Structure formats: structure tokens, C-alpha cells
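Residue numbers are given in the numbering used here: position 9 of the sequence shown equals residue 212, and the series is strictly consecutive.
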Amino acid sequence: MASIKNLKKDINYTLGDIIGFVTEKVDPKGDNKEVEAIIDETINTFDALIAKINQKGVENKKAHYQGVSADLEAKAGELVAKINKL
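Structure below.
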């Protein structure tokens, strides 16, 4: 991992792409509760990951940030799986 700045960019781009992709699935005439739920979950994930990055008093910063990166990959995979089920 190069920097915290790049990790924040990765989170922003990854979750932003997921929201962009899921909005393509929106049916203007249909019920979009599932799509809205995925978007809400994505936004909550973004907030949680940014809060983890900004956490103070971390002893091993490198391991902490690698854990945040792993959390991003896992959660992004879960969200994409939910999108594919739509």
C-alpha cells in the first residue's frame, strides 16, 4: 500500500463504481427497493471504511490499513454478488 490517500481513493472509486453500476439496473417504472437497499449498504460501507481509516491510536498502522483494504475487497465482492442476483 502506497499511502492513506491512495487507500481513500480506492474506497471512493470502488464503491462509486458499484453505485454507478447498480443505478443502471433501475427500472423507472418498477419497484426499486432492492436497488435502493444496495445503494444504502454501499454508502454505509463507505462511511464505515473511512471511519476505520481515520481511527486514532492504532498501534500497527500498516496492518490496520491492510485490514481496511481487505475489508474493502470483501465487502465489494458481497455487493457485486447482490447486484448480480437482481
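Yeah, the Cβ is synthetic: ideal placement off N, Cα and C, and Gly gets one too.
Every value quoted in this text rests on a predicted model; they were computed, and no experiment measured them.
Alpha helix (DSSP H) segment containing residue i, residue limits
i    : result
V261 : Segment: none, V261 is in no alpha helix (DSSP H) and carries neither H nor E.
N211 : Looking at the sequence shown, residue 211 is not Asn but Lys. I207 to T226 is the span of the alpha helix (DSSP H), which, as asked, contains K211.
Residues of its chain near residue i, where Cβ-Cβ distance is below 8 Å and the 5 sequence neighbours each way are ignored
i    : result
N235 : V229
Residue from the options with nearest C-alpha to residue i
i    : options                   : result
L252 : N287, F224, K265 and S272 : S272
Environment of residue i [buried if 16+ CB atoms lie within 10 Å]
i    : result
K288 : exposed
F224 : exposed
T248 : buried
A284 : exposed
I246 : exposed
Residue i versus residue j: straight-line alpha-carbon distance, rounded
i    : j    : result
Y216 : A279 : 11 Å
A266 : D250 : 20 Å
I241 : I214 : 16 Å
K208 : K232 : 40 Å
G260 : L282 : 30 Å
I286 : N263 : 35 Å
L210 : L218 : 12 Å
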